[in-house]
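Enquirer:
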Amino acid sequence: MTKDEVLTQLTDKKISSQQAYKMLYPKYKERKPRRASFVKLSLNIPESKGINIFLKVLFALPIPIFIIKMVMRRRLKEKISDQVPLTPSELIDLISIKGVKVNVLTKTNEKIKIYTI
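Counted from 1, the sequence shown has number -7 at position 4 by this note's numbering; the numbering is strictly sequential.
1. Would a C-beta distance cut-off of 9 Å place Ala25 and Ile81 closer than the cut-off?
2. Taking just the CA atoms, how far does Thr(-9) sit from Ile103?
3. Taking the continuous alpha helix (DSSP H) assigned at Tyr14, which residues delimit it?
4. Please report how far the alpha carbon of Leu30 lies from the alpha carbon of Pro51, in whole angstroms.
5. Go ahead and pull the three-state DSSP assignment for Asn92.
6. Going by beta carbon distance, what residues of the same chain come within less than 7 Å of Ile101, once the five residues before and after it are set aside?
7. So what does Val73 bridge to, in DSSP terms?
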């Protein structure tokens, strides 16, 4: 039904204002986030070329998400950090959503990049 038809029915008192409002502005479904399948890791340690090359070869292919979840569930009772107010279960929920990018910068200039695809 078009907007004009709804408004004419409202002026003719065929429908109530609440019904007209529901016809004009229907509820939209909330989109659920897409689930991630893989995690891509990128590690960079300054001043050590050999270790960087080894880590790039080791993490060249994306890692399946179920392996990451399995490791995280084993450490479920451990606290991540005092500075990060996330529990491991919240971190698992965060990682399982597609399109998440996490950049970690440490005090000693190591760079860790995590992408979910």
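Cβ coordinates follow ideal geometry from the N, Cα and C atoms, glycine included. Predicted, not measured: the structure shown is a model, and the values here were computed from it.
Expert: Let me spell this out:
1. no
2. The C-alpha of Thr(-9) is placed about 47 Å away from the C-alpha of Ile103.
3. Here Tyr14 belongs to no alpha helix (DSSP H), and DSSP marks it neither H nor E.
4. 7 Å
5. strand
6. Same-chain partners within the cutoff: Leu32 and Val93.
7. The partner list for Val73 (beta bridge, DSSP) is empty, contrary to what the question assumes.
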